[in-house]
Amino acid sequence: MSVWIDILLATLSVALAVRCLTAPTLAQCVFLFFAFGLTLALAWARLGAVDVAIAEAAIGAGFLGVLLIDALRDFAPAKEATVEDAEGYAAGGSAAEGSAAGVPLRAGRAALPLLPLAIAAVVFVLLTAEAVLNVRDGGGLTELAQENLARSGVDHPVTAVLLNYRSYDTWLEVGVVLIALLAIFAVGNGGTFARRDHVTHDPVLEPVSRILAPVLFLIGGFLLFLGKYEPGGAFQAAVLWGAMGILLYLAGWPVMTCLPRVWWQVLLTAGFGVFMLLGLAFMSGGGAWFEYPLAHAGNLILLIETLAALSIAAALTAIFAFFHEMHAPDATETPEK
Amino acid sequence: MTDFPTSIWPALLVAVPITFALGTVFFAAAGRMWSGLAGSVATTLVSALAIAAAVREGGLIHHLGGWEPPLGILLRLDPLAAVFIGMTALTGIAVSFYAASYLRSQDDLPRGASLFWPLWLMLWAGLNGMFLSNDLFNLFVAIEVVGISAVGLAVLSGKPPALMAGLRYLLVAITGSMSYLFGVALLFGAYGTLDLTLLSAAVEPGATTVFALVLMTLGLMAKSAFFPLHFWLPPAHGSELPPVSALLSALVVKGSFYILLRLWAEVFGVSLTFAAGQLIGVCGAAAVIWGSWQALNQDRLKLIIAHSSVAQLGYLLMVFPLLILAPGTAVAVASDWTSSAWTAAVYQTLSHAFAKSSLFLAAGVIVIAAGHDCRESLLDLVARRPMTAFAIGLAGISLTGLPPSGGFFAKWMLLKAAIASGQWWWAPAVLAGSFLTAGYVFMILRLAFAPGNSDTENRPVPRGLESAALLLAVASFFIIVPAEAVISFLESSAPFGSAIVPGEGGVLP
């Protein structure tokens, strides 16, 4: 029975990926991608990696889906956007011009040498299968991670790996989120924060946000705290809190202006900065970087996770608000520097 | 490897630039410049002290979180890492001062240009982390840090060509990382460790290792712009702000080369064959000829310099076939040329880093002075901008490989290794590359000496810009002076000098 579920999931994810790549309209691409993300999340759950499944569903399908839907508005707002519009847009022409000039459907695609690509894909899949099926069981580090759990300050091996054994990796990954935010500001020609909120309250979203936002906040906090014992943790909580921020922003609450600029800066850097400084503080006491005293390890990890989740959530909200602001048709006021 | 003493220096090499990067976020443009400069000076100081400590002790390690591998991550500052960190620091400090002056004097830049400082310090930390890491997955994270900050820097000029080139660079960088990560997953599944030292002891020949080797090599080659995966580099490096072009061309592509070199010499020896070395060497030779030829045919100075990067990176690939022993060659005999080949790899990396960053900084000066970088902008440069012309001359000579420059030493060692190993067929490629390089360098110099039109613009350029370009050109020339000390320091520890014996791995003669 379970084998059939796995086969179904595997087939479905490949089929959705192919459909997503060949969909004629951008809207279909986006929704197929959304479905693809959810299928992947189910596959992770089937593989027993509930943590990854939550993150995949929340980031891969949820956050990216929202960004993509928001980006859809840029392409031919009045009519159905096609993939060719996007290609014309990317090539520097405006979307409307490209389709008005009667660009033949799939002009860009037809140029691709399909047969060599298909052969290459088949060879790649065969080689991958050969290599993957031949992986002998290296044993991994599961036992070692379990043995040292008592010295890590948490009860869940995944959290122990992420925030104690290999906290340096996790710290740098939190940094990557911050760097990505800075890179996005750089692409957007240097405006940093979207400092202009929606003027009008959205009549549909506002009542929804009154109910959903507290729920998202609570579930996020629950996942964060749960990470100590069960699958869950900072990244998962961050996405829920980020979703809360985006929802409040879209509903018309003054999310980006309720805090002074410097507090946003603190919020965005706190996760990465405090994570590092705590590690350095204990290093100056004679230990190694990121070596926490056992007596306080559990609480320190919870503190670090909370700040990291807050920072990532703030970054996700800021990224969304920034794009939303940049592409808003009535953006007369430029974002503050 | 683990017999080095534990020290906090490796940790500080990553933590210090990041501390300052976070600090710069809180300032407006002017404050960002000062805090960014302070961060550059501090990072350079830490690098100098860390290298001094590494020279004294032979090498340093740091167990992050206090956990031993395979559970934890090991940072190790061995001589090879120390040399690369020194290269980053010297290039970095010169480019930082140039950037401070450049960003302040240019008023047509987008408002986001001051984001240069946090992004560059993050990039610096990522590069240091890459050179220090002894862990496959941590290398991936460092690759991500470097890749994303490099993309952010690449689009800072805000111009459409830079945005398009930046997007293409992002796609290549992500595809390269994914390819690398797939290889890491296969290796971790098969051998249960990510630590390079433990992995090199555990790795066995077989389909999995070969496939991982191919995936990781291709991913890293794409990120280093090695031929034939170089297509993204010229448009990207030709359209960025000058200090960014200098950093990306001099340092970022060297990061993935460093990982490739370490993986081939330390981990993948069992799966490498003589033919694999020849194949990657052919890619290198093709890059040298093709890149130089393309550079010769460009009209814009920045594009000449960018195509020249493709060619100069090709020399680095030609080192690999010389490190892999032909079947039946005794390791003791090979010590004749493996040491030369390693020296060529290190010196080509150093001399290209300094010469190329100098050339990009000089091109930035010319763009400010003349308003563009077409051929006419170079006319009468010797009279108008003697310092910049001198910098271009010195850096060009080093790229060509004329004595007594650092580039000469690198190419000489490469020739010596090729002849000594009996693989004479690399020699014509090295020589042809030098001739073609001389072609475009002398073309630039001929224009620089040619009389200009009286209406050629000559806008004022801040003095510091020219000094930074000249300093790096001088560095590319005079790194030959401490060569003996540098090589004896490098030789004190593997993998420098080791030969790759197919089926066995890296072996020190």
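Those sequence lines, one after another, are chains A and B.
Quick note on my numbering: the first sequence kicks off at 30 and runs consecutively.
Quick note on my numbering: the second sequence kicks off at 9 and runs consecutively.
Beta carbons are placed, not taken as given, at the ideal position from N, Cα and C, and that holds for glycine.
As the structure is a computational prediction, the values presented were derived from the model and not from experiment.
In DSSP terms, what residue i is bridged to
i	result
B/Asp203	B/Asp143
B/His71	B/Leu82
B/Val449	Beta-bridge pairing links B/Val449 to no other residue.
B/Ala294	Bridge partners of B/Ala294: none, in fact.
A/Thr68	Answer is none; A/Thr68 lacks a bridge partner.
B/Thr14	B/Ile69
Close beta carbons around residue i, own chain, < 7 Å, minus the five adjacent residues each side
i	result
B/Leu21	Val54, Ser55, Ala58, Ile93, Asn136 and Leu140
B/Val91	Val354, Val494 and Leu498
A/Ser31	none
Test item: CB-CB of residue i and residue j under 8 Å
i	j	result
B/Leu389	B/Ala456	yes
B/Pro510	B/Phe282	yes
B/Ser501	B/Asp86	yes
B/Phe234	B/Cys291	yes
B/Ala437	B/Val296	yes
B/Gly184	B/Ala244	no
A/Leu245	A/Ala212	no
A/Ala344	A/Val206	yes
B/Ala418	B/Ala371	no
B/Ala588	B/Ala363	Only positions 9 to 517 of chain B appear in the structure, and residue 588 of chain B is not among them; the question remains open.
A/Thr68	A/Leu96	no
A/Ile330	A/Asn193	yes
B/Lys310	B/Gly246	yes
B/Gly120	A/Phe214	yes
B/His339	B/Ala209	The displayed chain sequence assigns Val, not His, to residue 339 of chain B. No.
A/Gly256	A/Thr171	no
Same chain, Cβ closer than 6 Å to residue i, five either side skipped, listed in chain order
i	result
B/Ala97	Thr52 and Ser55
B/Ser347	Gly505
B/His360	Gln320
A/Trp33	none
A/Gly121	Interpretation of A/Gly121 is limited by its pLDDT of 47, a score under 50 that renders its predicted location unreliable; no figure is taken from the coordinates.
A/Ala267	Ala338, Ile341 and Ala342
A/Phe304	Trp200 and Ile333
A/Ala39	none
B/Leu221	Phe276 and Ser279
B/Val469	Val373, Ile376 and Ala377
B/Leu422	Ala352 and Val438
Contacts of residue i in chain B (Cβ-Cβ under 9 Å)
i	result
A/Phe301	Ile26 and Leu30
A/Glu320	His71, Leu72, Gly73, Gly74 and Trp75
A/Val291	Phe34
Partners in chain B for residue i, counting only beta-carbon separations shorter than 7 Å
i	result
A/Glu159	Ala215
A/Arg239	Here the premise fails: no neighbours, minimum Cβ distance about 33 Å.
A/Thr298	Leu30 and Val33
A/Met285	Chain B residues near A/Met285: none, gap ~17 Å exceeds 7 Å.
A/Leu309	Ala23
Interface partners of residue i on chain A, CB under 7 Å
i	result
B/Pro126	Leu211
B/Val149	Asp198, Leu201 and Glu202
B/Ile156	Val205, Ile208, Ala209 and Ala212
Where residue i meets chain A, residues with beta-carbon distance less than 8 Å
i	result
B/Val159	Ala212
B/Val163	Ala212, Ala215 and Val216
B/Ile16	Met312 and Trp318
B/Leu194	Ala160, Val161 and Val164
B/Phe139	By Cβ distance, chain A contributes nothing, its closest Cβ being about 14 Å from B/Phe139, past 8 Å.
B/Phe219	Leu156, Thr157, Glu159 and Ala160
Proximity test, residue i beta-carbon vs the ligand PLP heavy atom, cut-off 7 Å
i	result
A/Asp184	Of ligands this structure carries none, so the ligand PLP is not represented either.
Under 9 Å by beta carbon: chain A residues contacting residue i
i	result
B/Asn146	Arg195, Tyr197, Asp198 and Leu201
B/Ile267	Correct list: empty, because the minimum Cβ distance to chain A is about 16 Å.
B/Pro78	Leu170 and Leu173
Neighbourhood of residue i by C-beta, 8 Å cutoff - its chain only, sequence neighbours within 5 removed
i	result
A/Trp293	Phe222, Met285, Ala343 and Ala347
B/Trp17	Val54, Leu57, Ala58, Ala61, Ala62, Leu68, His70 and Leu85
B/Ala342	Leu333, Ser429, Ala507 and Pro517
Chain B residues whose Cβ lies nearer than 8 Å to that of residue i
i	result
A/Arg165	Ala198 and Thr216
A/Gln368	Any property of residue 368 of chain A remains undetermined from this structure, which presents chain A solely from 30 to 366.
Give the list of continuous alpha helix (DSSP H) stretches no shorter than 4 residues that lie fully inside the region 306-384 of chain B.
309-325, 327-331 and 339-378
Could you please tell me which residues of the region 221-249 of chain B, in chain order, have their CB closer than 9 Å to any CB of chain D?
Here chain D cannot be found, since the structure's protein chains are A and B.
Whole beta strand (DSSP E) runs in the region 105-192 of chain B with 3 or more residues, listed along the chain?
none
Unbroken stretches of the alpha helix (DSSP H), 4 residues or longer, contained in the region 259-334 of chain A:
263-280 and 290-313
If you scan the region 24-69 of chain B from start to end, which runs of the alpha helix (DSSP H) of 4 or more residues do you find wholly inside it?
As far as the region 24-69 of chain B is concerned, its whole alpha helix (DSSP H) runs of at least 4 residues are 37-65.
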